[in-house]
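> In my numbering, the protein residues as written are 63 to 109.
1. Kindly indicate which three-state DSSP category residue 76 falls into: helix, strand or coil?
2. Looking at the structure shown, is residue 108 part of a helix, part of a strand, or coil, going by DSSP?
3. What three-state label does DSSP hand residue 67 in the structure shown?
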């Protein structure tokens with residue numbers, strides 16, 4: 063349920079992992095996606 067307009071209620075959210083861990087996750091997603099594309103690249107390249 064959304065708060066009504068003009069509501070001053072705020073919700074505090076605790077981080078479940080550090081910023082460093084988040085950056086590692088993002089790096090892993092980017093690198094992991096590239097690694098999954100390598101076999102297709104080799105196949106299309108004739109190897």
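Heads up, the beta-carbon is just placed ideally off N, CA and C, and yes, glycines get one too. Note that the coordinates shown come from a computational prediction; the quantities given were computed from them, not determined experimentally.
If we stick to the structure as given:
1. Taking the chain shown and counting its residues from 1, the one referred to as residue 76 is at position 14. Coil at residue 76, not helix or strand.
2. For the purposes of this step, residue 108 is taken as the residue at position 46 of the chain shown. Looking at residue 108 - three-state DSSP - the assignment turns out to be coil, as it is neither helix nor strand.
3. Translated into positions along the chain shown, residue 67 becomes position 5. DSSP places residue 67 in coil when its eight states are reduced to three.
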